[in-house]
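With UniProt numbering applied, the sequence shown covers 1 to 721.
Heads up, the beta-carbon is just placed ideally off N, CA and C, and yes, glycines get one too.
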Amino acid sequence: MSGPRNPVLGRMVSRLTKNLSARRFAKAGMFSADSVDGNKIVDNVRARVHSGETCYIAGLGISGHNAGAALVQVSSRGGIQLLSNDEEERFTGVKHYEDYPEMAINELHRRLKALGIKPDQIAAWATSWDYVLNDAFTNQTIAEELPGSVALYKKGAFFGWDPFLRSREALLAPDRIRRQLGLESIPRLIMLPHHENHASLSYAASPFAKGKEPTMIAVVDGCGDRGSVSLFQSLPDGARFKELYCNESIPDSLGIFYTIISSSQGGWTPLSSEGRYMGAVAWGDQDRHTNPYYRRLREIFHFGPQGHIRLNRKLGNWHKAGDLEPYTPALEAITGPPIPLERMWNPDAMLKIESVQHSKITRHRVDLAAATQMVFEDGIFHIVDHLIRSTQSDQLVLGGGSALNGIANMKLLEHFDCEWYKRNFGKDTCLKLWIPPTTGDAGVTMGAAYSLALRADVPCGPNLQHAAYCGIAPTAHAIQRALDNEPEVKSLRLGNVTNDTDRKKVADLMAFIVSQNGVLGLFQGSAETGPRALGQRSILANPCNPETRSILNERVKFREAIRPLAPMVSQGEASRFFKLAEGAAADDYNAYRYMVLTTRARPEAYEKIPAVVHKDGTCRIQMVMPDIHPLVHDYLKAMGRRVGAEVSVNTSLNIGGPICQTPAQALATMKRAKALTGLVMVGDEGNVFLVWHAVDAPPKDKGARLLQWVSQHSSEAAKTT
């Protein structure tokens with residue numbers, strides 16, 4: 001059985017809820033984008049920009065996981081230009097923070113002051129969800145399955161969040177913003193559809209946005225405020241896009257399927273489970289003919305015409321009970337019993353994650369993970385196949401949290417290759433793909449600002465070149481203040497990276513330490529936005545040492561043994577070690593800069609850099625450009641001289657929580673880690689600090705080994721001058 005039980009009742013409840021909810025939010029100063037008030041604000045932005053004015057639009061995640069605040073500058077000449085995306089989780093230390101983003105809005109206020117702009121000069125405030133649509137859609141979903149779906153009203157049932165609480169909290173946001181920023185009146189917030197926001201960022205920030213060729217946009221996530229799959233295509237003017245399809249369903253969701261199985265079989269809470277489960281896939285049987293679970297698990301979806309995917313309600317039960325009782329007996333017979341929600345643990349909220357005893361790697365667990373991944377891939381292929389056939393386009397951007405599945409992204413390029421296009425359309429081309437670094441809900445605040453700008457006919461601006469948009473870069477004074485507050489921490493100055501000679505010396509010292517199997521943290525500038533560390537808040541280690549993975553997983557990050565390590569690689573050596581896809585080549589292989597696209601290792605990688613080659617020979621790479629990350633690029637060049645490969649292990653600077661944002665957080669992480677040799681901290685002015693935890697608690701040795709390496713490096717440098 002597929003499809004809802006009471007579709008007519010669902011539509012009736014949706015219309016009623018929408019009317020009531022629109023009035024309620026309007027009283028609070030919040031309006032859907034297509035409402036009269038919403039259109040007036042969009043028209044005002046359009047008129048101001050077209051008259052030659054430069055305007056600022058704020059994007060807000062005010063209630064719902066990954067709360068935050070973004071800022072874009074818009075003008076007729078420069079188009080949309082991203083200035084910041086401040087994620088609340090980075091300041092609170094609570095991963096996927098879902099309440100009002102007070103600290104992110106404080107950071108936004110600081111940015112406005114630096115620009116000489118008052119908060120009341122913001123041209124428009126856009127939200128990452130349309131809460132009117134979300135209320136209507138939530139009640140429709142429940143009404144469609146009555147009476148069996150009453151459980152969805154219970155706390156914790158609705159796929160990792162409480163939509164009713166989130167709406168109630170959102171209603172308070174306009175007045176909270178007024179009081180926090182000292183505004184005379186409440187700001188009028190425009191609510192943009194969630195999937196439109198994902199699509200706006202993914203398209204407008206892509207290398208394809210300014211071209212004349214049509215671009216496909218596929219948004220696939222857990223759920224939005226209208227559905228879980230939305231498809232779009234760019235218009236001939238290249239500045240906008242139109243919706244082609246929305247599945248208008250929450251249960252029929254590839255994202256929810258992956259979340260349910262990964263959490264209920266992996267034992268981690270939703271939003272923490274998906275990436276960890278994907279790491280287990282490499283250890284399982286990835287052959288569709290021999291995997292013991294794949295054929296039966298694939299029956300959880302009906303793959304219909306026009307790219308439709310419907311939940312088989314004889315297997316999945318989340319359309320009735322959500323996370324509380326997601327399995328039917330038939331599904332349990334395939335996978336084994338689910339781990340109850342109350343027995344799952346949140347690895348991103350553990351105060352003592354170093355004390356956790358991780359579950360054993362069993363053949364059942366990894367084969368089931370592989371089967372789950374293959375069913376997910378089948379769904380993505382089914383959707384994209386229809387989208388390509390209906391548009392005959394060869395350019396695709398992805399949005400939504402499901403697009404963080406780097407394995408599936410790689411296989412899209414492998415599947416829809418030159419032979420596929422030649423066979424089906426007689427065209428000499430292949431699929432070209434781009435995914436933003438913040439394709440999940442961490443980026444939908446930016447997407448809201450982009451979406452409103454596109455509605456106001458603002459042209460697309462420059463495509464994204466890096467992800468360092470979270471938080472204002474700490475000064476040397478702020479770093480020194482944090483050091484002064486830590487009596488167990490010692491430091492020394494290494495120079496200033498704004499000077500080419502100093503920067504190269506610092507980079508070579510970093511490479512020398514890492515080549516000796518030291519492990520270094522790197523803290524510089526604004527942090528990366530999105531879930532991947534990309535050289536701003538990173539932990540660096542030796543890719544040539546096969547023991548590096550166990551050292552980092554067991555003694556630095558305290559995480560599961562199945563977790564892979566990702567490589568950063570210089571632009572010049574990427575093709576030496578990794579099979580770069582032709583379909584990722586746009587803008588100097590921009591798609592490989594953000595660790596959202598996996599690739600396959602070449603034979604030399606297995607031999608030379610085994611620490612960054614996963615169990616199945618895949619690698620989630622970051623290609624580093626010299627003009628974007630000069631210190632990191634110099635470090636990689638030095639690694640080439642030291643170990644024979646311009647490659648480094650790169651994992652995020654954190655332990656069981658969000659990526660470090662502040663100097664104090666970075667120092668706390670260094671102290672918690674057992675095997676982090678030291679920390680390189682760079683102030684906004686370029687001043688470099690080498691920091692270590694000066695305690696005698698093996699393997700920590702008061703920094704003796706680190707200082708010995710510094711001395712050896714100095715002696716070596718003296719001999720060459």
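What residue from V229, G322, R365 has the CA that sits closest to H292's CA?
The residue asked about is misnamed: residue 292 is Pro in this sequence, not His. Shortest Cα-Cα distance from P292 to any of V229, G322, R365 involves R365.
Check each candidate in A473, A449, G440, F381 and name the one with the smallest Cα separation from L431.
Measuring from the Cα of L431, the nearest candidate turns out to be F381.
Measuring CB to CB, does V229 end up less than 8 angstroms from M191?
M191 is positioned such that its CB atom lies no closer than 8 angstroms to that of V229.
List the DSSP bridge partners of D367.
The partner list for D367 (beta bridge, DSSP) is empty, contrary to what the question assumes.
Can you tell me which of G379, M510, W268, G279 puts its alpha carbon nearest to the alpha carbon of E299?
Shortest Cα-Cα distance from E299 to any of G379, M510, W268, G279 involves G379.
Let me know if P658 comes out buried or exposed under the rule of 16 or more other beta-carbons within 10 Å of its beta-carbon.
P658 is buried by the Cβ-count criterion.
What residue from D701, I256, E377, K18 has the CA that sits closest to Q286's CA?
Ranking D701, I256, E377, K18 by Cα distance to Q286 puts E377 first.
Roughly how many whole angstroms lie between the Cα atoms of T618 and K210?
Distance between the alpha carbons of T618 and K210 is about 32 angstroms.
State the Cα-Cα distance for the pair G447 and A67, rounded to the nearest angstrom.
Whole-angstrom Cα-Cα distance: 13 angstroms.
The region 329–339 touching the region 259–272, judged by at least three CB pairs closer than 8 angstroms:
At 8 angstroms Cβ cutoff, the stretches touch.
If we count Cβ pairs, one from each stretch, closer than 8 angstroms, do we get three or more for the region 487–505 versus the region 134–151?
Touching, no, given that fewer than three Cβ pairs across the two stretches are closer than 8 angstroms.
Can you tell me which of I122, N134, E169, L181 puts its alpha carbon nearest to the alpha carbon of F158?
Comparing alpha carbon positions, the residue from I122, N134, E169, L181 closest to F158 is N134.
Segment contact flag, the region 691–711 with the region 672–682, C-beta cutoff 8 angstroms, min 3 pairs:
Segment contact: the region 691–711 against the region 672–682, three or more CB-CB distances shorter than 8 angstroms; contact assigned.
Can you confirm whether the region 1–11 touches the region 142–155 when touching is taken to mean that 3 or more C-beta pairs between the two stretches lie within less than 8 angstroms?
Touching, per the Cβ criterion.
Whole runs of the alpha helix (DSSP H) within the region 2–30, excluding any shorter than 4 residues
Listed in chain order, the alpha helix (DSSP H) runs fully inside the region 2–30 are 7–28, counting runs of at least 4 residues.
Cβ of K505 within 8 angstroms of Cβ of S570?
No, they are not a contact pair.
Return the CA-CA distance between L60 and S14, expressed in angstroms with no decimal places.
Rounded to whole angstroms, L60 to S14 spans 25 angstroms at the Cα level.
Label R77 either buried or exposed according to how many other C-beta atoms from any shown protein chain fall within 10 Å of its C-beta, with 16 as the threshold for buried.
It is exposed - the Cβ of R77 has fewer than 16 other Cβ atoms within 10 Å.
Check the C-beta distance from I383 over to W318 and give it rounded, since I have them as a contact under 8 angstroms.
Not a contact, Cβ separation roughly 20 angstroms.
What number of angstroms, rounded off, separates the C-alpha of K242 from the C-alpha of L597?
Spanning the alpha carbons of K242 and L597 requires a straight line of approximately 26 angstroms.
I'd like the span of the beta strand (DSSP E) that includes H693, first residue to last.
From DSSP, the beta strand (DSSP E) with H693 extends over 687–693.
Roughly how many whole angstroms lie between the Cα atoms of residue 756 and A58?
The requested residue 756 is not part of the displayed model; the chain covers only 1 to 721.
Pop quiz: R549 and C660 are said to be a contact at Cβ under 8 angstroms. What is the actual Cβ separation, rounded to whole angstroms?
Wrong, their Cβ atoms sit about 21 angstroms apart, outside the cutoff.
On the CB-based measure, 16 or more other CB atoms within 10 Å of its CB, does W43 come out buried or exposed?
Note on residue identity: the sequence assigns Asp, not Trp, to residue 43. D43 is exposed by the Cβ-count criterion.
In this structure, how does DSSP classify S185 when only helix, strand and coil are distinguished?
Three-state DSSP puts S185 in coil, outside helix and strand.
Determine the DSSP secondary structure at S200, reduced to helix, strand or coil.
If DSSP states are grouped into helix, strand and coil, S200 belongs with the helices.
From G266, L667, R389, residue whose alpha carbon lies closest to that of G521:
With respect to the C-alpha of G521, the residue from G266, L667, R389 having the closest C-alpha is L667.
Counting Cβ pairs closer than 8 angstroms, one from the region 476–487 and one from the region 682–691, do we hit at least three?
Between the region 476–487 and the region 682–691, the count of C-beta pairs closer than 8 angstroms reaches three or more; the two stretches touch.
How about L152 and P436: are their beta carbons less than 8 angstroms apart?
One thing to note: L152 has its Cβ no nearer than 8 angstroms to the Cβ of P436.
So G224 is in the beta strand (DSSP E); what residue range does that whole segment cover?
According to the DSSP assignment, G224 belongs to no beta strand (DSSP E), since it is labelled neither H nor E.
For M623, the three-state DSSP class (helix, strand or coil)
In the structure shown, M623 sits in a strand (DSSP, three-state: E or B).
Closer than 8 angstroms is the cut-off here; do at least three beta carbon pairs connect the region 409–416 with the region 438–445?
Not touching, per the Cβ criterion.
On a Cα-Cα basis, can you pick out the residue from A136, A581, R593, V219 that is closest to R602?
Cα-wise, what sits closest to R602 is A581.
Can you tell which of D627, C223, V220, P214 has its C-alpha closest to the C-alpha of A239?
Nearest in C-alpha terms to A239, of all of D627, C223, V220, P214, is P214.
Is the beta carbon of A507 less than 8 angstroms from the beta carbon of Y635?
Closer than 8 angstroms, so yes.
Hey, is the region 482–499 in contact with the region 453–464, meaning 3+ C-beta pairs nearer than 8 angstroms?
The region 482–499 vs the region 453–464: no contact.
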